[in-house]
Amino acid sequence: MKRSEFRFAERLRVRWVEVDMQKIVFNGHYLMYFDTAVGGYWRALAMPYNETMEYLGGDLFVRKSTVEYLGSARYDDVLDIGVRCARIGNSSLVFQCAVFRNDQALVTGELVYVFADPATQTSKPVPQELREVLQGFEAGKTMVDVRVGGWDELGKDARHIRTTVFIEEQGIPKEMEWDEADPDPGCVHAVAYNRFGQPLATGRLLEHVPGVAKIGRMAVSQTMRGSGVGHAVLEALMKAAREQGYREAVLHAQMSAAAFYTRAGFITRGAMFEEVGIPHIEMVRSL
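Numbering (my numbering), first residue to last: 27 to 313.
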């Protein structure tokens with residue numbers, strides 16, 4: 027197998043605890059690497075696993091695992107764990123996996139899953155919706171649809187995401203989260219959806235001062251963080267800002283998210299400050 031044959035790969039670094047007396051990764055850990063990468067594969071499909079399986083009315087159970095060892099990984103190696111859906115049967119899914127150090131394939135494997143009723147563990151046909159998502163991803167199609175519009179159109183889904191992230195997860199008081207800006211006709215909202223129509227991330231755009239747009243209320247569902255869906259929302263908001271003639275975008279980033287905005291071309295301005303009890307930093311970018 028070649029690294030180029032995999033659209034998706036999860037990057038891992040070998041930990042001390044994974045090395046055996048021979049100073050190489052213990053053979054059983056490669057199945058753990060595969061399983062970790064399969065989780066990343068679902069994120070790349072923009073599919074929160076538990077919510078998706080509940081929506082589809084089933085779950086995936088491993089039927090068979092095979093591993094072939096070609097070489098050995100060592101402590102502190104950086105590895106790319108490639109995953110691809112190789113075949114879809116009536117009730118089964120076959121995934122091919124490979125562990126790469128740079129372009130060298132060290133270990134290959136195959137995982138066979140059966141789609142089944144979670145209560146009885148009896149097999150069921152793979153839903154057509156799931157089949158189409160898997161085939162679409164492997165064909166290079168985009169997994170996320172970002173819709174831009176007003177509160178009347180997108181408010182229900184934006185509210186759901188923001189409630190989950192800001193109020194329930196971060197503990198921001200309800201009265202500090204909702205304001206009169208949301209339903210304002212001049213406020214642009216963006217919501218990212220997966221292929222099943224599930225909302226995954228949101229953000230909004232307001233005028234800060236003439237010529238400068240303010241991006242805010244950026245929130246990504248916990249299981250989708252690091253998948254690129256937040257970047258897709260940010261890009262959609264910046265595109266809307268450019269179309270409205272703004273020359274610059276400003277935002278107040280939580281310190282934990284500053285690196286995300288830096289990768290998107292924003293730079294910090296000023297000192298750290300607190301907002302709703304959370305450390306923030308102002309960041310700006312030319313449009």
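From the three backbone atoms N, C-alpha and C, an ideal C-beta is built for every residue, glycine too. All figures in this text were calculated on a predicted structure; none of them were measured in a lab.
Candidates Gln280, Ala283, Ala290 and Gln248: which alpha carbon is nearest Met379's?
-> The chain is shown from 27 up to 313; residue 379 falls before or after that span and cannot be answered.
Is Ile307 helix, strand or coil when you go by DSSP?
-> strand
Could you tell me the distance, in whole angstroms, from the CA atom of Leu119 to the CA atom of Gly296?
-> 52 angstroms
Tell me, please, which residues DSSP counts as bridged to Gly225.
-> Position check: residue 225 holds Pro in this sequence, whereas Gly was assumed. Beta-bridge pairing links Pro225 to Tyr219.
What are the complete beta strand (DSSP E) segments, minimum 3 residues, inside the stretch 235-274?
-> 238-246
Going straight from the alpha carbon of Met244 to that of Val64, what length do you get?
-> 27 angstroms
DSSP three-state assignment for Met298, whether helix, strand or coil = strand
What do you get for Asp183, buried or exposed, if any count of 16 or more other CB atoms within 10 angstroms of its CB means buried?
-> buried
Check whether the Cβ atoms of Leu160 and Cys111 lie closer than 8 angstroms to each other.
-> yes
Assign Tyr56 to one of three DSSP states: helix, strand, or coil.
-> helix
What did DSSP end up calling Phe32 once you bin it into helix, strand or coil?
-> coil
Where DSSP assigns a beta bridge to Glu233, which residues make up the other side?
-> Ala239
Counted within 10 angstroms of its Cβ, other Cβ atoms place Met47 as buried (16 or more) or exposed | exposed
Report back the beta-carbon spacing between Tyr272 and Gly237 to the nearest angstrom; my notes put them in contact at under 8 angstroms.
-> 6 angstroms
Specify whether the stretch 224-241 and the stretch 276-286 touch according to this definition: at least 3 beta carbon pairs, one from each stretch, less than 8 angstroms apart.
-> yes
Nonlocal neighbours in the same chain, by C-beta distance under 8 angstroms from Asn116, ignoring five residues either side = Pro151 and Val152
First and last residue of the uninterrupted alpha helix (DSSP H) at Ala284 = Ala284 to Arg289
According to DSSP, what are the bridge partners of Tyr139?
-> Val88 and Leu119
Cβ of Glu36 within 8 angstroms of Cβ of Gly84?
-> no
For Leu57, I'd like the list of residues in its chain whose CB is within less than 7 angstroms of its CB, leaving aside the five on either flank, ordered along the chain.
-> Ser91 and Val93
Reduced DSSP secondary structure (H/G/I, E/B, other) of Arg157 | helix
When we look at the beta-carbon of Ala258 and count the other beta-carbons within 10 Å, is it buried (16 or more) or exposed?
-> buried
Can you grab the Cα-Cα spacing for the pair Gly252 / Thr146, in whole Å?
-> 34 angstroms
Starting from the Cα of Val235, find the closest Cα among Leu226, Val104, Val217 and Ala267 and give me that residue.
-> Ala267
Measure the Cβ-Cβ separation of Val109 and Phe121 and say whether it is below 8 angstroms.
-> yes
Starting from the Cα of Leu156, find the closest Cα among Gly54, His306, Tyr75 and Gln270 and give me that residue.
-> Tyr75
Segment limits, alpha helix (DSSP H) that includes Ala184 | Trp177 to Arg188
Cβ-Cβ distance between Val138 and Arg89 below 8 angstroms = yes
Would you call Phe299 buried or exposed, if buried means 16 or more other Cβ atoms sit within 10 Å of its Cβ?
-> exposed
Is the CB-CB distance between Ala99 and Val255 below 8 angstroms?
-> no
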